[in-house]
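Chains A and B, in that order, give the protein sequences. Take 1 as the starting number for the first sequence in the working numbering and just add one per residue. Take 10001 as the starting number for the second sequence in the working numbering and just add one per residue. Each remark here refers to the structure printed beneath this line.
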Amino acid sequence: MLAMASSLRDLLGQKEFLAYLFVVGWLLFNWPLIELGKDYSIMGMPGILVYVACVWMLLILALFIFERRDS
Amino acid sequence: MIGSHIALTVMVLYLLLLFAIAQYADRRKLSGRSIVANPYVYALSLCVYVSAWTFYGSIGRAASTGLEFLPIYLGPILAMTAGWIIIRKMIRVSKERRLTSISDFISFRYGRSYAIGAVVAILSLIMVTPYVALQLIAISASLEILSGQHIILGYPVESKLVVAVLLGTFAAIFGARHLDPMERHEGLVAVVAFESLVKLVAFLFVGFYVAFSVFGGYGNIFSRIADLALKIPAYETLVDVEPTLWLSLTLASFFAVLFLPRQFHVMVVENSDETHLKKAMWLFPLYLLLINLFVPAIAWGGLLLSTPGLKDTFIITIPYSLGQDWLSLFVFIGGTSAATAMILVESVAVGTMLQNDLEMPYLLSRMKSGKDLAGTLLNMRRLNMLLVVFLGYLYSRAVAYQILAEIGIVSFIAASQMAPAALGGLFWKKGNRKGAFAGLASGFLLWAYTALIPTIASGHAWLEDLIRDGPLSLAILRPTNLFGLDLDIWSNSIFWTLLVNCSLYVLVSLSSKPSADESVTASSFVDIWNDKAAAPEEERSAVRRGSVEDLEATLARYIGDAAAKVQVDRYLERLKASRETASAGQIEQLWTELEKTLTGSVGPSATRMIVQDQITVRPVMEAAKETLPAYDLVKGKIYVIPAIAYEVFTDQITHGVEGLCITHRQPEEVRSSYGFKETPIIKLSDERGSDRYISPQNLPLLFMTIKSFVESSKNSVVLIDSIETLVRENAGRVPERDILDFVYQMEILGSRTYLILAERQQFAHGSRSLTAEISEARELIFSLGPLSTYLFRVFSEAMLSHLGEAERSSVTAQANEMIDSGAFFEAAAAGPADRSSPPDDSVAACEPEMRTAMTRDGSLTIPPNMLLTRRSFFVAVRRLARIIKQHNPSFDLSAELADLMRSYGRSPYELSLIPGTTYIIAEEKPSKSLELFSDLVAHGMDGLCLSRYNPQILQERYNVPDGTVIWLTQKSEQGFRTVDPSNFPRLSGMISDFLGRANYPVILLEGMGYLITQSNYETVLRFVQSQRDEIALKNAIMLVHIDPLSLDTKELHRLGSEMETLSMPGSL
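Here's what the structure looks like:
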């Protein structure tokens, strides 16, 4: 487990990971994936809004881990 | 309504608070305890992206079109994921080159192009005008809601005007208090960071209030909107997205966060530490998430409450209409924060661009030299900032009211036009000036056609007709639906502008060649992480350019006396030098720093003009004849032509070559004698007159004049008549080092032009005859007059300079004794050197007028009639080193002279290598041998490498030039020079050919072990012995690598006895 965590940290600290995040971010934030939440509502909130907010927070988390890994 | 002037008063007080914060931050910086140099403040400063648009425009957009306000914030998040790759590179490049705006950045990359800088500056001014107008409209609308119309001295005053005057004055006072060469404004950054906090808190306050106090929960708002959507179909779109528009806006905002002038300024220019970017990469998206948390709540809450007034102002009208006056006032301050920060930073950024890229180049070409410009520059900057706000005000009056968000999108699309040139410049070396200009100009024009015109068309009949019917009623060319793609207006504009911009940038770049300057800058941008490529000064000129006082005076003209003194003191401290003791090399480094500082203050285009002040000579061509030239010169060779130099020069310039004539003769006489009219002639004289004159003592200016001419010409020839006269006139008046530097730099420059020297044969004793009338000179210092003696004096002085007085006296006494007895310098022989016989240690007699009295206390007494060849020079240097070592055992010749050797284009290792000697280098792997060989070849020696390795590997790993390698292999490989390792006759033949044509040869034989395995030890030993003899005859140097573990002791000993052992340093 420790080894896995360590190699995950290594992965998240690399520049190539950022490039991957960049590409994935574009995909996640745009059509067709953006339409995933179109016909849903979660706790009364529009599904698209919840989806966008989740991807947004995921990217913040990944960038936060990148910064921590490297400092 | 809150009291009629209360909101305005609060606004003024708030601005005063901001001013106090800025003062405090600047004072802390001066005392060395900066409050700004930390990653949190940096991250908050990036939030200047959140302007009045977020406060008002986003809410208006959310209320009209639902979730389509979001893409404006998704682009920046994606930009942050690429931040460590893109933004960090921008920061590094800008810091290295002292680039202080996006226009500097782009213009510098493309050869410091004035045209490109001007286009970007103008585009930026036009781009920010609607954005500034948006801020003024938003704030004035809020002010009117809270306070009604303003009456000042009994007259109704437009709120927009009041806001514009207030913010413009604030910006002009605040943003132009001093001219910082690095354009860093800690006070400004502190204010922006503070305002980011204020606007976030204000937004969260009102968001909480609306979502939880008014509606009892976020979900409540959404469920009621959902109910409303069932009844009124128009509201269905609030929770839907249009994919094309979504993508277009995300793309536009991605580029905007990188290239909007204010974003570039805070993100790149104001950055104090690259590592701060890492924290900002997640903090900035987190901030955007928080500030957008309640946008739907406020927007849809306003719809549900049927709040009166514009949707854009819901954020203030909701609490105001519900009786929350103080909350409304707080929100107004939040909106003011958002707008003020944007206007402040934008006006500083655009004001800098206008000054550096439009005004300074114009001013410099018209102002008299010596005029103090510091005060003028500061006032110009203030006026520029006022202009930015004023144009915004005019725009806000000229156009009919639109949804605020649309105004912002127009600016975003404009910012996107810089992306191809900027990003291409960072990552693609082939991008050049022509491509960048084509892309920028076309993108800009198309943006104006597809985005700007539609937004200002309302109220102007002819523009409305254009939008509706297209130009000349061609519907296919309608600005809002170009070629009938049926996209929304923004996607239409983004698609066509970026398509045309990128296409022209790429295609024009590929079909045109960059200039030499551009190629060097391109490498320094693209390969910024590669240390070797990061320093584009390929000619590390050691030419002195005046004293430290001269440099300081030049700098002071542009940034003020006090700031110039501080900068120069800082540089001197770094170089561990003082104003009195700075050496020529240190002054040269100071000059480089000066250029960087000036770039930071006045931009790269203007700096280029300052550096080239008074020394530009434009290349012109004489009328070209249709015949072939009579003299077939080769570019890169230096020709010595005693009798017919002017005829040869005239022959070249009348056959399509652009010429420059440097002469001691009268220009009129030269023109009339040789018939050329247009070619510039510079007379070396202290006279003043209508023609061009340069003082023969002003060697730096002379060199810069010739250099700028050569660089600005595609095909040039330079005639110098004569270096002999220059040397004679300057003897005793100009330091010998200056003369040497000038001649050496001319030798380097000679590789880029046809260089003709009109010298007497006796003066050019080291030249090689090509024909009866024309000779070729290489290594000018060893070919012309007493320059080799000058060089020896410089070297000996450097070697003696670190000795104590007593040691120095002993050394010079011993050396002078050897000089007097003839044992110091190698024996003389008459006549100039002739390549047909092997060059030996000949020293020829000097003409009487070349004699110089050399006796000085503590200096060597060098004979006046002294000319040294390269070999005899190094022999003398080594002899002196041996004498010094007797008195100072710690003396290290290579270390003492390494910098001096490099400054004259020589490898320091050459000091250890005696021509005519074969050396053995014992190491397991040949890495040090190959590095040494590569270093020697890079510093001007002619190299031949016999190796068992593939030449491509040698090039990749050790930078061994491909053309110097003979691959020892039994295979025959196309594209490579190969030889069978057992074919010793052929090997010998190749070495002989090489020695026959090389000027200063060095041979590396790598792979002795391989040769031995392919034949036998005895054969190889005989081969090495025969080559050793030839090396001694031809005064070449041979390096033989062996792996000591591959031979037994006896074999090793036998080899060692044939050669000198060369012990390699720890690292090269």
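The beta carbon of each residue, even a glycine, is placed where N, CA and C say it ideally should be.
Neighbourhood of residue i by C-beta distance below 7 Å, restricted to the same chain and skipping five residues each side
i: Gly10785 (chain B); result: Glu10724, Val10727, Phe10763 and Met10850
i: Tyr10218 (chain B); result: Ala10211 and Ala10297
i: Leu10044 (chain B); result: Ala10193, Ser10196 and Leu10197
i: Val10979 (chain B); result: Ile10966, Leu10968, Arg10986, Leu10987 and Met10990
i: Leu10289 (chain B); result: none
i: Tyr10295 (chain B); result: Correcting the residue type first, residue 10295 (chain B) is Val in the shown sequence and not Tyr. Once the five neighbours on either side are set aside, the close Cβ partners of Val10295 (chain B) are Ser10058, Ile10059, Ala10062 and Phe10069.
i: Ile10315 (chain B); result: Phe10055, Tyr10056, Ile10059, Val10206, Ile10298 and Val10331
Those residues which DSSP pairs with residue i across a bridge
i: Cys54 (chain A); result: Answer is none; Cys54 (chain A) lacks a bridge partner.
i: Gly10560 (chain B); result: Answer is none; Gly10560 (chain B) lacks a bridge partner.
i: Ser10947 (chain B); result: B:Trp10967
i: Thr10352 (chain B); result: DSSP output for Thr10352 (chain B) lists no bridge partner at all.
i: Arg10692 (chain B); result: B:Ile10682
i: Ser10767 (chain B); result: DSSP lists no partner for Ser10767 (chain B).
i: Glu67 (chain A); result: Looking at the DSSP assignment, Glu67 (chain A) forms no beta bridge with any residue, so it has no partner.
Nonlocal neighbours in the same chain, by C-beta distance under 6 Å from residue i, ignoring five residues either side
i: Ala10414 (chain B); result: Met10127 and Trp10447
i: Ala10898 (chain B); result: Pro10908
i: Pro10285 (chain B); result: Ile10077 and Met10080
i: Ser10690 (chain B); result: With a pLDDT of only 45 at Ser10690 (chain B), under the threshold of 50, the placement of this residue in the model should not be trusted; the figure read from the coordinates follows. Closer than 6 Å at the Cβ level, and outside the excluded window around Ser10690 (chain B), lies no residue.
i: Leu10260 (chain B); result: Ala10415
i: Met11038 (chain B); result: Thr10918, Ile11003 and Ile11031
i: Ile11070 (chain B); result: In the structure as shown, chain B starts at 10001 and stops at 11068, and residue 11070 (chain B) therefore has no counterpart that could be examined.
Close-in-space but distant-in-sequence residues of the same chain around residue i (CB under 8 Å, 5 per side omitted)
i: Thr10244 (chain B); result: Leu10487, Asp10488 and Ser10491
i: Tyr10320 (chain B); result: Ile10145, Leu10146 and Ser10328
i: Ala10535 (chain B); result: Note that Ala10535 (chain B) scores 40 on pLDDT, short of 50, meaning its location in the model is unreliable; the coordinates nonetheless yield the value given after this. Correct list, in chain order: Ser10524.
i: Ile10453 (chain B); result: Leu10463, Leu10466, Ile10467 and Pro10479
Span of the beta strand (DSSP E), counted from its first residue to its last, around residue i
i: Ser10775 (chain B); result: Ser10775 to Ala10777
i: Met11038 (chain B); result: Ile11037 to Ile11042
i: Gly10858 (chain B); result: First-last for Gly10858 (chain B): undefined, no H or E at that position.
i: Lys10683 (chain B); result: Ile10681 to Leu10684
i: Thr10917 (chain B); result: Thr10917 to Ala10922
i: Ile10638 (chain B); result: Ile10638 to Val10640
i: Leu10719 (chain B); result: Ser10716 to Asp10721
i: Ile10756 (chain B); result: Tyr10754 to Leu10757
Closest by C-alpha distance to residue i, when choosing among the options
i: Val10201 (chain B); options: B:Gly10334, B:Ile10920 and B:Leu10251; result: B:Gly10334
i: Ser10708 (chain B); options: B:Arg10752, B:Ser10672 and B:Ser10685; result: B:Arg10752
i: Thr10679 (chain B); options: B:Pro10642, B:Leu10702, B:Pro10696 and B:Leu10719; result: B:Leu10719
i: Ser10713 (chain B); options: B:Glu10736, B:Tyr10646, B:Pro10700 and B:Val10657; result: B:Val10657
i: Phe10264 (chain B); options: B:Ser10473, B:Val10206 and B:Met10353; result: B:Met10353
i: Ile10343 (chain B); options: B:Phe10255, B:Tyr10209 and B:Ile10173; result: B:Ile10173
i: Pro10039 (chain B); options: B:Tyr10014, B:Ile10122, B:Ile10137 and B:Thr10275; result: B:Thr10275
i: Asn10715 (chain B); options: B:His10655, B:Gly10732 and B:Pro10961; result: B:His10655
i: Ala10798 (chain B); options: B:Asn10379, B:Leu10900 and B:Ile10139; result: B:Leu10900
i: Arg10574 (chain B); options: B:Leu10322, B:Leu10954 and B:Glu10593; result: B:Glu10593
i: Val10634 (chain B); options: B:Leu10310, B:Glu10776 and B:Phe10933; result: B:Glu10776
i: Lys10311 (chain B); options: B:Arg10671, B:Ala10141, B:Asn10959 and B:Thr10771; result: B:Ala10141
Residue interval of the alpha helix (DSSP H) (run including residue i)
i: Cys10661 (chain B); result: Careful: Cys10661 (chain B) lies outside any alpha helix (DSSP H), inside the beta strand (DSSP E) at Glu10658 to Thr10663.
i: Pro10700 (chain B); result: Leu10699 to Ser10712
i: Pro10071 (chain B); result: Pro10071 to Thr10081
i: Tyr11010 (chain B); result: Met11008 to Gln11014
i: Lys10029 (chain B); result: Ile10006 to Leu10030
i: Cys10502 (chain B); result: Ile10489 to Leu10510
Spell out a yes or no on whether the region 11017 to 11031 of chain B and the region 10904 to 10911 of chain B are touching, meaning 3 or more CB-CB pairs, one atom from each, closer than 8 Å.
-> no
At a cut of 8 Å, does the region 10125 to 10143 of chain B reach the region 10385 to 10399 of chain B through at least three beta carbon pairs?
-> yes
Can you find at least 3 beta carbon pairs, one from the region 10434 to 10442 of chain B and one from the region 10516 to 10527 of chain B, that sit closer than 8 Å?
-> no
Take every Cβ of the region 10101 to 10119 of chain B, pair it with every Cβ of the region 10430 to 10437 of chain B, and state whether three or more of those distances are shorter than 8 Å.
-> yes
Hey, is the region 10860 to 10875 of chain B in contact with the region 10777 to 10791 of chain B, meaning 3+ C-beta pairs nearer than 8 Å?
-> yes
At least 3 beta-carbon pairs within less than 8 Å: the region 10938 to 10946 of chain B vs the region 10969 to 10978 of chain B = no
Would you call the region 11039 to 11059 of chain B and the region 10917 to 10933 of chain B in contact, with 3 or more CB pairs under 8 Å?
-> yes
Take every Cβ of the region 10459 to 10476 of chain B, pair it with every Cβ of the region 10414 to 10427 of chain B, and state whether three or more of those distances are shorter than 8 Å.
-> no
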